[in-house]
Amino acid sequence: MQKIKEHMIHYYFSYLLSLTSVAYGWKLVVHPEILQTYRVYQKIRDVFDHRFIGVFFIALGLVYGLATMTNRKKIKQLLLPVFSFIWTFFSFIFILSEPPNTVG
-9 MQKIKEHMIH YYFSYLLSLT SVAYGWKLVV HPEILQTYRV YQKIRDVFDH RFIGVFFIAL
51 GLVYGLATMT NRKKIKQLLL PVFSFIWTFF SFIFILSEPP NTVG
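Sequential numbering of the sequence shown, starting at -9, is according to my numbering.
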């Protein structure tokens, strides 16, 4: 039990990244209208198919979480730049897009 606790503490941020990605992907899969109708996601829809984005986040998060659990460093080294790109891409899109008109 002590080894599991130490592992969880040592790889806390890896698990956090994995769970956050799975949760965000699940939200996009369960509520596809978010990607289809919100103006903030327009630029993302221009680049990626909206049906693919949620599944991609879920798959990426699950594989990264499993690689962390099984201590597969090569897989984590390959997936971390992909995570960095996708989350940075989403962040820049949110910054560059027009804010929604919430007044009147």
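Yeah, the Cβ is synthetic: ideal placement off N, Cα and C, and Gly gets one too. Note that this is a predicted model, so its numbers are computed, not measured.
By the CB criterion at 7 angstroms, F47 and S11 fall inside the cutoff.
At the C-beta level, I83 and I34 come within 7 angstroms of one another. Counting only the Cα atoms, T27 lies some 14 angstroms from V19. L69 and L50 do touch by the CB rule: their CB atoms are close to 7 angstroms apart, below 8 angstroms. Annotated three-state conformation of P22 is coil, per DSSP. Of the residues assessed, T60 falls on the exposed side of the cut-off, its CB having fewer than 16 other CB atoms within 10 angstroms.
As the crow flies, the alpha-carbon of F3 is around 11 angstroms from that of G55.
Here S81 is exposed: its Cβ has fewer than 16 other Cβ atoms, across all protein chains shown, within 10 Å. DSSP, reduced to helix, strand and coil, places D36 within a helical segment of the structure shown.
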